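Its first residue numbered 1, the sequence shown is counted upward by one per residue in UniProt numbering.
Here is the structure we will look at.
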Amino acid sequence: MVVAGSTDGWGSICAAQPYRHAAQDSTRAWQRALQLLAPGADEKRFFDVICVLGNAWQWRFAVEVLDYMARASAQATVFCFTAALSACEKATRWQTAVQLLNDMGHARVRPNIVTVNALISACGKASEWQLAMHVTFSMQRAEGLRADQVTYCAAITACEKGLRWPQAVHIFASMPRARLVQDVVGFSATISACEKGGQWEMALGLLAQMPIARVTQDAVCITAVISAFEKGTQWPLALHLLAAMPQFRLIPNEVSFSAAISACGKGEQWQRALQLLSDMPTVHAKPNQ
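Written as structure tokens, this is what we have:
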């Protein structure tokens, strides 16, 4: 795979000045990576360099290293491909991530579940929820891989960002059939998907399921449900859940207060909204400007 601006030879990477100028904060990491790649570097060294570049948000250079490996007849391992794909995921370059997966097939390198999870996450960040679902359910079967909790949670998050709450709920509900535990990450992502879709009843139901599943109801989940109440103009429920947070040993934050205040505003409960605004300093929450 060739990124725009590359030519044959490792020297082209060293000469890629425009990319360096576009990422001044990562210059030191990039220069260090170049020093690591002495002639005759083995696959482990290439992998280390790709990881350094990925952590420095230098996804273009990470992909360039893979290209150089192919030209230098160095065998890129699944770990090298996965590291480069993860760099693209971090930078929300889902199309490049998909191309890298295709390159793996051409190179006869079989992806592992970490590779698949990175691709799903890359698609999710770009709101490409349909592709994320395809990878989740179709590709893993084709490759003979077993999805894990990270796989499902990444797919749920993709549906959440794509505003597809029914699909998020479906994926979450299918986790037990896949012999996977529905953990707090899965609950949180699914509740957030329902919140964004204005499905307050579904969000509340999921919150109620958490103790049954022996999952601790955290501030993120509860705040998402309060926000769902706000979207559904359910101000009494929003106030009730906000007041109940100390029972869960949780302190309401700015987001939970703001959601409850907004719910009161939509319900024309101005006095209650003003009271909440005055209560915020007592819990060290700052009103939104």
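All residues carry an ideal CB built from backbone N, CA and C; glycine is no exception.
If you're wondering where the values come from, they're calculated on a predicted model, not measured in any experiment.
Here the region 140 to 154 makes no contact with the region 94 to 106; the two share fewer than three CB pairs at distances below 8 Å. For T216, the closest alpha carbon among the candidates V184, T136, Q99 and K44 is that of V184. Unbroken alpha helix (DSSP H) runs of no fewer than 4 residues, entirely contained in the region 237 to 283, are found at 254 to 266 and 270 to 279, following chain order. The distance from the Cβ of A118 to that of S86 is about 5 Å, consistent with a contact at the 8 Å cut-off.
In the DSSP assignment, A62 falls within the alpha helix (DSSP H) that extends over W59 to R71. Apart from the 5 residues on each side of it in sequence, S138 has no Cβ closer than 7 Å to any other Cβ in its chain.
By the Cβ-count criterion, W94 is buried, with 16 or more other Cβ atoms from all chains shown falling within 10 Å of its own Cβ.
For the set P246, G186, G124 and A74, the Cα lying nearest the Cα of A97 is the one of G124. Between Y152 and M133, the gap from beta carbon to beta carbon reaches 7 Å or more.
In chain order, A238, L241, L242, S256, A259, A260 and A263 place their CB closer than 8 Å to the CB of I226, counting only its own chain and leaving out the 5 sequence neighbours on each side.
With a beta-carbon spacing of about 19 Å, A228 and Q182 fall beyond the 8 Å limit used to define contacts.
Only residues of its own chain outside the window of five on either side were considered, and among them I156, C159, E160, T190 and A193 have a CB closer than 6 Å to the CB of A168, listed in chain order. Shortest Cα-Cα distance from Q58 to any of A84, Q99, A70 and P111 involves A84. In this structure, R110 is the residue among R110, N102 and R71 with its C-alpha nearest to the C-alpha of F79. For S127, the three-state secondary structure derived from DSSP is coil.
The beta carbon of V114 lies closer than 6 Å to those of T82 in the same chain, with the five residues before and after it left out. The shortest CA-to-CA distance from S188 to any of L101, A224, G197 and E201 is the one to A224.
Going by DSSP, L53 is part of the alpha helix (DSSP H) stretching over E43 to N55. The Cβ atoms of W165 and G205 lie no closer than 7 Å to each other. Linking A76 to F46 through their CA atoms gives a straight-line distance of about 8 Å. With 16 or more neighbouring CB atoms inside 10 Å of its own CB, P252 falls in the buried class. In terms of Cβ geometry, C88 and A122 form a close pair [threshold 7 Å]. Where D103 is concerned, the enclosing alpha helix (DSSP H) starts and stops at W94 to H106.
Comparing C-alpha distances from R249 to each of N112, I120, R177 and I222 shows the shortest one belongs to I222. For F79, the enclosing alpha helix (DSSP H) covers residues V78 to K90. Check the Cα spacing between G232 and each of E201, S73 and V52: the tightest is with E201.
Judged by DSSP in its simplified three-state form, Q149 adopts helix. The alpha carbon of A203 has as its nearest neighbour, out of L100, K90, E230 and D67, the alpha carbon of E230. A straight-line Cα-Cα distance of about 36 Å links L163 and D67. Each residue's CA atom was taken as its position, placing F61 and L53 some 7 Å apart.
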